[in-house]
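K.L.:
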Amino acid sequence: RERSLVERSPEVYFANNHCGGTEIDKIKMMYESMKARVEHVVEKGKAGEEYINGDRERRVLNKWTDEFTRQNHPAVIEILRDNSRDRDIAGNVMPNLIYLSREKSKDVPHQFKAGALNALLRVSAVMTNAPILLTLDCDMRSNDPETPRRALCYLADPSTDQPQLGYVQFPQRFQGINEGDIYCGDLKRMFQINPTGMKNGPDYGGSGCFFRRRSLFGAPSAIVPPEIPQLGPEHCPNGSIGSEETLALAQKVLECKYEHNTNWGHKVGFRYGSLVEDYYTGYMLQCE
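Basically my numbering = 1-based index in the sequence shown + 10.
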């Protein structure tokens with residue numbers, strides 16, 4: 011921020027051989043050290059005592075037991091940053107940062123990415139219920155720190171037809187494409203040509219998209235209410251994100267059987283029933 015850097019991804023920034031300096035070199039060493047620690051923990055399968063700072067971190071990591079697998083594990087919610095108490099080195103308020111992992115069971119279909127996004131939608135509603143959501147894949151990044159502001163230029167513009175504006179999709183670009191792109195790895199038709207031709211009605215590409223929360227609860231003129239009011243787009247949470255009541259409800263809506271006999275995945279949230287849940291969700295929102 012101090013140097014007005016556009017590329018904020020450390021991996022990409024340091025790989026581009028930018029001019030260094032004492033401060034830059036120090037940050038690079040810190041990043042490489044963090045990266046090595048993470049890779050070592052992943053390889054080992056657990057965090058050793060040398061990586062744990064205090065009882066709080068030990069308590070958090072104790073949630074991962076030997077029976078914990080990708081296909082079968084309980085729900086996990088951990089508040090890493092709370093904007094009511096956490097500040098950066100300059101005294102500025104830090105945004106909320108909350109880790110969550112939904113409950114999974116081999117006996118219950120988890121609905122893949124759409125199911126994960128719907129779990130996120132419900133927990134965020136219980137805790138903060140912000141009116142705008144960003145979906146971003148873990149292997150993607152923004153190459154412009156002004157991206158949220160650019161999205162808000164549309165989502166917060168009083169001159170636009172607000173109820174009809176469901177989401178703002180940014181184009182996706184890819185690195186490592188061979189010269190001439192003979193294998194069509196850049197997916198130009200999908201992310202450059204089609205969206206231009208479908209102005210005001212682009213597909214949802216699964217990543218790099220800012221949603222209006224209300225758009226995921228039915229058509230503009232006919233809201234589909236969720237099964238409990240705390241999940242509705244107009245609900246205003248009263249308690250703190252770390253209160254027992256809030257965390258208890260968040261745990262409940264993360265249960266793998268929570269969606270049974272509800273509209274989730276069908277009339278509410280990200281849609282199920284397709285191998286490409288992102289495009290199907292975008293298509294259904296445009297239809298509505």
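Positions of the beta carbon are idealized from the N, C-alpha and C atoms, including for glycine.
What would DSSP say about T291, mapped onto helix, strand or coil?
P.N.:
The answer is helix: DSSP assigns T291 an H, G or I state.
K.L.:
Express the C-alpha separation of P239 and I140 in angstroms, rounding to a whole number.
P.N.:
Correcting the residue identity first, residue 140 is Ala in this sequence and not Ile. Each residue's alpha carbon lies about 15 Å from the other.
K.L.:
Following the continuous alpha helix (DSSP H) through V70, name the residue where it begins and the one where it ends.
P.N.:
Looking at the DSSP string, the run of the alpha helix (DSSP H) that includes V70 is G64 to L71.
K.L.:
Residue range of the alpha helix (DSSP H) that I99 falls in?
P.N.:
No alpha helix (DSSP H) holds I99; DSSP gives it neither H nor E.
K.L.:
Report the option in R281, E265 and W274 whose CA atom is closest to the CA atom of E113.
P.N.:
Comparing Cα-Cα distances from E113 to each of R281, E265 and W274, the minimum goes to E265.
K.L.:
Between G215 and Y293, what straight-line distance do the alpha-carbon atoms span, to the nearest angstrom?
P.N.:
Approximately 11 Å between the Cα atoms of the pair.
K.L.:
Taking the alpha helix (DSSP H) that T206 belongs to, which residues open and close that run?
P.N.:
Looking at the DSSP string, the run of the alpha helix (DSSP H) that includes T206 is N204 to G207.
K.L.:
With 16 other CB atoms within 10 Å as the buried threshold, where does E269 fall?
P.N.:
It counts as buried.
K.L.:
When DSSP labels each residue in this structure, what does H83 get in the three-state scheme?
P.N.:
Strand, per DSSP.
K.L.:
Helix, strand or coil, according to DSSP, for C219 in the structure here?
P.N.:
The answer is strand: DSSP assigns C219 an E or B state.
K.L.:
I need the straight-line Cα distance from N72 to C246, nearest angstrom please.
P.N.:
Spanning the two alpha carbons is a distance of roughly 33 Å.
K.L.:
At a cut of 8 Å, does the segment 149 to 164 reach the segment 204 to 213 through at least three beta carbon pairs?
P.N.:
Not touching, per the Cβ criterion.
K.L.:
Please report the straight-line C-alpha distance between C194 and F201, rounded to a whole angstrom.
P.N.:
Between C194 and F201, the C-alpha separation is close to 12 Å.
K.L.:
Would you say the beta carbon of G252 is closer than 8 Å to some non-hydrogen atom of the ligand MN?
P.N.:
Among the components modelled here there is no ligand, and therefore nothing to report on the ligand MN.
K.L.:
What are the boundary residues of the alpha helix (DSSP H) that includes L131?
P.N.:
Start and end: F122 to M137.
K.L.:
Hey, out of F280, S217 and M40, whose CA is closest to F184's CA?
P.N.:
It is S217 whose Cα lies nearest to the Cα of F184.
K.L.:
Evaluate contact between the segment 121 to 136 and the segment 92 to 100, counting only Cβ atoms and requiring at least three cross-stretch pairs below 8 Å.
P.N.:
With the cut-off at 8 Å, the segment 121 to 136 and the segment 92 to 100 do not touch.
K.L.:
Decide if M137 is buried, meaning its Cβ has at least 16 other Cβ atoms within 10 Å, or exposed.
P.N.:
Buried, because 16 or more other Cβ atoms sit within 10 Å of the Cβ of M137.
K.L.:
Taking the alpha-carbon of G55 as reference, which of I37, E33 and F78 has the nearest alpha-carbon?
P.N.:
Nearest option by C-alpha distance: F78.
K.L.:
In terms of residue numbering, what span does the alpha helix (DSSP H) encompassing L165 cover?
P.N.:
Element bounds for L165: T157 to L165.
K.L.:
Below 7 Å CB to CB, which residues in the same chain sit around A85 once its five sequence neighbours on both sides are set aside?
P.N.:
Hits under 7 Å: S111, R112, E113, Q261, L264 and E265.
K.L.:
Compare the C-alpha of R224 against each of D191, L162, Q179 and L143 and name the closest.
P.N.:
If we check each option's Cα against that of R224, L143 comes out closest.
K.L.:
Quick check on DSSP: helix, strand or coil for E237?
P.N.:
Looking at E237 - three-state DSSP - the assignment turns out to be coil, as it is neither helix nor strand.
K.L.:
Grab me the residues of F350's own chain with a C-beta within less than 8 Å of its C-beta, minus the 5 sequence neighbours each way, in chain order.
P.N.:
The structure shown does not extend to residue 350, since the chain is modelled only from 11 to 298, so the question has no answer here.
K.L.:
If you follow the beta strand (DSSP E) that S111 is in, where does it begin and where does it stop?
P.N.:
Start and end: L107 to S111.
K.L.:
Measuring alpha carbon to alpha carbon, tell me which of F280, V278 and G186 ends up nearest V22.
P.N.:
V22 has its Cα closest to that of G186, out of F280, V278 and G186.
K.L.:
Locate the alpha helix (DSSP H) running through V178, then write down its first and last residues.
P.N.:
It is not in any alpha helix (DSSP H) - V178 instead sits in the beta strand (DSSP E) that spans Y177 to Q179.
K.L.:
So is Q81 buried or exposed if we call it buried at 16+ other beta carbons inside 10 Å?
P.N.:
So Q81 counts as exposed.
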